[in-house]
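**Q**
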Amino acid sequence: MTRSNATRTAVATLVAGALLSVCGCGVSGGAADVPEAKKSGKVAGEIAFRTLQLKPKFTAYVQGVIDAFEKKYPEVKVRWEDVPGDGYNEKLVADAQAGALPDVVNLSTDSFQLLGDRGLLADVAKLDPEVAKEYVPGAWEQFKLPGKGDGVYAYPWYVTPEILTYNKDLFERSGLDPAQPPTSVEQFFDYADKIAAASGGRYSAFMADPKGRLPGDWQKMGVPILNEKQDGFVFDTPKAVEWVERMKDLYAKGAMPKESLLKSDDINQLYGGGKLVFGPGSPGFVKDIKQNAPQVYAGTQVAGAVTGKLGHIGIYAQSLGIRKDTKHLDAAGEFAKWVTNGPNQVEFSKNATIYPSNAQGLADPRFADRGDGKDAETVARAVGAEQLKSAALDANTPVQWTNQVGDAVVREVQKAIQGEQDPKTAVRKAQEEANQLLAKSAQK
């Protein structure tokens, strides 16, 4: 149901909490201290390209993209380095402090924020004003920064949309119609209530995982996350309290595995073992179940993600940022656009369960093909592509909602779900802590 679960199962992501350990390190210099590179009109020079955890599985693909680019632009040499996810943000900070950031760097949402907030990334919308139309709007908009107008500070690369996955057999056993999946958070909770009543403890509806569910669930319920100026959290509302109350009630009834309040690592095992109705909202998860639990896969059904009042889905996007003071801006910019163009992203999607952020790539016929409608993986690919058309910035986690903010909110919410404090107090305290963290961040 949540986009965060989708990202954790579909692509290689940073180690949880990595941002926390580096935000206080203090990259020397801000936007005013880093000189802005200028185009020379010549695509030439040696550029460094860093990716996140793509070797060895995707070595042939990435090297092929590089070779083709160097053939088109013989005066450019691309030096590719791939680094593991463990410690990625720390390495970015160290490189920034040493003036050694790569010219083109693979960024997740967290690492994008880390470099973007410190003025270390080039405004790619300024570099090429026409390039925006080449990308899915929801992906392009995701790489804007608060207070920086229409600037966009990374090219969207591969993306993962939300979908809804569920066990059709357990759905029916719980008295629910598999042809009528939930479309709002409130309805999702209603279904979970029925599942808990029917299961007798034999299976659960979904994983609690508040870290993965927020702020997405709140957004879908119409809860405002930030004020108009985007400088303060305002989610302390009756709707947010209602969410905590519903979670508390469902948790007590056994709609979620008890251990899932603190962790969600075993979701694939639980779903694959027929102990969970709703799986992660990820097309990649469907592929995993097909390989590892064929019997459950045969009864797996796919539908569009819960959108609720928001009407949009959230997406997770990897991106390519350009070092603001690169010595070879023309080469770096052209290479980033080359990697993220339609044909190259479609080819990448054939090697991994990801989707192009490029509009031309997403229009490729393979993303509309549902086959005979019986194979969940094929249907999931088509549903995911269709969902991307409704992706929008307001459905994505705001950059102000850092890992640190999320952890603070979740701590208070967990207490309420377990009955250690009332839901209203939990939401109030969560907002207070979130705003304290936001204020501290603004002072850096």
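Quick note: the sequence shown, position 149, residue 148 per numbering that gives the first Met the number 0, numbers continuous.
Every residue, glycine too, gets a C-beta built ideally from N, C-alpha and C.
1. Return the first residue and the last residue of the alpha helix (DSSP H) that Asp248 is part of.
2. With DSSP as the reference, label Lys143 as helix, strand or coil.
3. Just to confirm, are Ala178 and Ile194 a CB contact at a threshold of 8 Å?
4. Cα-Cα, which of Thr182, Lys228, Val64 and Val409 is closest to Lys147?
5. What's the gap between the Cα of Asn340 and the Cα of Glu431?
6. Scan the stretch 155 to 203 and note each continuous alpha helix (DSSP H) run of 4 residues or more that stays entirely inside, going in chain order.
7. Which residues does DSSP pair with Tyr354 in a beta bridge?
8. Could you tell me the alpha carbon to alpha carbon distance between Tyr60 and Asn105, rounded to whole angstroms?
9. Just to confirm, are Leu249 and Tyr202 a CB contact at a threshold of 8 Å?
10. Out of Lys428, Gly40 and Val42, which has the shortest C-alpha to C-alpha gap to Thr236?
11. Is the beta carbon of Ala441 sitting closer than 8 Å to the one on Tyr134?
12. Is the Cβ-Cβ distance between Ser318 and Pro155 less than 8 Å?
13. Let me know the alpha helix (DSSP H) ranges lying completely inside the stretch 400 to 438, each 4 residues or longer, listed in chain order.
14. Between which two residues does the alpha helix (DSSP H) containing Ser519 stretch?
15. Using a Cβ-Cβ cutoff of less than 6 Å, which residues in the same chain neighbour Ala394 once the five nearest sequence positions on both sides are dropped?
16. Measuring straight from C-alpha to C-alpha, what distance separates Lys41 and Lys326?
17. Going along the chain, which residues of its own chain have a beta-carbon closer than 6 Å to the beta-carbon of Ser20, five neighbours each way excluded?
18. If we ignore side chains and look at the alpha-carbon of each, how far apart do Val103 and Asn350 end up?
19. Decide yes or no for the touch test of the stretch 294 to 306 against the stretch 158 to 173: beta carbon pairs closer than 8 Å, at least 3 of them.
20. Quick check on Arg365: buried or exposed, where buried means 16 or more other Cβ atoms within 10 Å of its Cβ?
21. Mind pulling the alpha helix (DSSP H) runs of 4 or more residues that sit fully within the stretch 273 to 321?
22. Flag this pair as touching only if the stretch 258 to 273 and the stretch 320 to 339 have three or more C-beta atom pairs under 8 Å; answer yes or no.
23. Please say whether Phe48 and Val77 have beta carbons closer to each other than 8 Å?
24. For the alpha helix (DSSP H) containing Ala47, list its first residue and its last residue.
25. Assign Asn291 to buried or exposed, taking buried as 16 or more other Cβ atoms, counted over all protein chains shown, within 10 Å of its Cβ.
26. Taking all protein chains shown into account, decide if Ser39 is buried (16 or more other Cβ within 10 angstroms of its Cβ) or exposed.
27. In the DSSP assignment, what residue or residues form a beta bridge with Trp79?
28. Val104 lies in the beta strand (DSSP E); which residues open and close that run?
29. Measure the Cβ-Cβ separation of Ser107 and Leu175 and say whether it is below 8 Å.
30. Could you pull the start and end residues of the alpha helix (DSSP H) that Lys125 belongs to?
31. Helix or strand or just coil, what does DSSP make of Leu225?
32. Going straight from the alpha carbon of Thr406 to that of Tyr152, what length do you get?
33. Identify the continuous alpha helix (DSSP H) that holds Ala448 and give its terminal residues.
34. Identify the continuous alpha helix (DSSP H) that holds Val130 and give its terminal residues.
35. Suppose you measure from the CA of Asp109 to the CA of Ala375; what does that come to, to the nearest Å?
36. Taking just the CA atoms, how far does Ala138 sit from Lys414?
**A** Based on what the coordinates show:
1. Pro237 to Lys252
2. strand
3. no
4. Lys228
5. 43 Å
6. 167 to 172 and 184 to 198
7. Val158
8. 16 Å
9. no
10. Lys428
11. no
12. yes
13. 402 to 416
14. Outside the shown range of the chain (0 to 443) lies residue 519, about which nothing can therefore be said.
15. Leu309, His311, Ile312 and Gly313
16. 12 Å
17. Low confidence applies to Ser20: its pLDDT is 33, below 50, so where it sits in the model is not reliable enough to give any reading.
18. 22 Å
19. yes
20. exposed
21. 282 to 291 and 293 to 297
22. no
23. yes
24. Here Ala47 belongs to no alpha helix (DSSP H); instead the beta strand (DSSP E) covers Gly44 to Leu51.
25. exposed
26. exposed
27. Phe48
28. Val103 to Leu106
29. no
30. Val123 to Leu126
31. strand
32. The question names Thr, yet the displayed sequence has Asp at residue 406. Taking the straight line from one Cα to the other gives about 26 Å.
33. What is shown of the chain runs 0 to 443, which leaves residue 448 out entirely.
34. Note, Val130: premise wrong, no alpha helix (DSSP H); not H, not E.
35. 31 Å
36. 35 Å
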